[in-house]
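J.: Just dropping this structure here.
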Amino acid sequence: PLAFFGGKGAVTRIHQDMDMSNVFLTEAVGRKRVVLFDPKYSRLLYRYPFGVHTSVDINHPDYDRFPALAQVRGYDFEIEAGDTLFMPSGYWHHIEYLEASIGVSVRSLAPTVKMRLQGLANVGVLTHLDELFRWSMGQKWFDIKKRIAHKRADSLLNVEV
Numbered sequence: 293p294l295a296f297f298g299g300k301g302a303v304t305r306i307h308q309d310m311d312m313s314n315v316f317l318t319e320a321v322g323r324k325r326v327v328l329f330d331p332k333y334s335r336l337l338y339r340y341p342f343g344v345h346t347s348v349d350i351n352h353p354d355y356d357r358f359p360a361l362a363q364v365r366g367y368d369f370e371i372e373a374g375d376t377l378f379m380p381s382g383y384w385h386h387i388e389y390l391e392a393s394i395g396v397s398v399r400s401l402a403p404t405v406k407m408r409l410q411g412l413a414n415v416g417v418l419t420h421l422d423e424l425f426r427w428s429m430g431q432k433w434f435d436i437k438k439r440i441a442h443k444r445a446d447s448l449l450n451v452e453v
């Protein structure tokens with residue numbers, strides 16, 4: 293189990309968990325807003341290559357900069373003390389602390405071999421390659437990742453996902 297502490301207004305920006313595990317998030321104290329997105333939207337969320345992040349701001353979506361976001365649909369939840377939310381393997385999640393909060397997460401392995409292998413690749417290989425490229429190329433590497441993310445998303449504009 294992992295514990296998460298945060299003050300009112302704290303935000304955990306949208307991401308996927310690297311290991312692609314299933315997560316049961318139980319709120320012990322306080323309230324949180326949790327927004328989940330199916331992994332089928334990864335490219336439309338402008339996922340950076342070699343990682344599990346995006347620069348998309350789901351509270352203030354910039355459809356001029358990120359036009360593919362218009363095709364994304366999420367699930368919006370509010371959890372309070374005593375509630376448990378299941379976050380399936382690979383789901384993107386954005387968390388806002390609506391008040392001072394303590395939460396505990398319990399993880400279980402991804403349900404499929406494919407997702408387990410993706411998690412292993414993320415943790416064991418891709419993260420290290422990303423760090424190496426960032427170290428050797430600096431801002432240029434980040435700019436390359438942004439271009440790739442936009443190219444992937446733009447290729448899906450107006451395509452049913």
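If you're matching positions, the sequence shown starts at 293 in my numbering and goes up one per residue. Yeah, the Cβ is synthetic: ideal placement off N, Cα and C, and Gly gets one too.
(1) Kindly indicate which three-state DSSP category R408 falls into: helix, strand or coil?
(2) Once DSSP output is grouped into helix, strand and coil, what is the label at I387?
(3) Rounding to the nearest angstrom, what Cα-Cα distance links P359 and G430 in this structure?
(4) Give the single residue among P293, D309, P403 and K438 whose Cα lies nearest to the Cα of W384.
(5) Looking at the secondary structure, which residues open and close the beta strand (DSSP E) in which M379 lies?
(6) Alpha carbons only, please: which of K300, A295 and L424 is nearest the one belonging to L390?
(7) Pick from V315, R305, V327 and I306: whose alpha carbon is nearest that of P293?
(8) Using the beta-carbon count (16 or more within 10 Å), is S447 buried or exposed?
(9) Just the C-alpha distance for V417 and P341, rounded to the nearest angstrom, thanks.
T.: Here's the rundown:
(1) To locate residue 408, count along the sequence shown from 1; it is residue 116. In the three-state reduction of the DSSP assignment, R408 falls in the helix class.
(2) Numbered from its first residue, the sequence shown carries residue 387 at position 95. If DSSP states are grouped into helix, strand and coil, I387 belongs with the strands.
(3) Looking up residue 359 in the sequence shown gives position 67. Looking up residue 430 in the sequence shown gives position 138. Taking the straight line joining both Cα atoms gives about 27 Å.
(4) In the sequence shown, counting from the first residue as 1, residue 384 sits at position 92. Per the Cα distances, D309.
(5) Numbered from its first residue, the sequence shown carries residue 379 at position 87. Note, M379: beta strand (DSSP E), T376 to M379.
(6) Taking the first residue of the sequence shown as position 1, residue 390 is located at position 98. Of K300, A295 and L424, the residue nearest in Cα terms is K300.
(7) What you label residue 293 is simply residue 1 of the sequence shown in a count that begins at 1. It is V315.
(8) In the sequence shown, counting from the first residue as 1, residue 447 sits at position 155. By the 10 Å Cβ count, S447 comes out exposed.
(9) Residue 417 sits at position 125 when you count from the first residue of the sequence shown. Residue 341 sits at position 49 when you count from the first residue of the sequence shown. Cα to Cα, V417 sits roughly 12 Å from P341.
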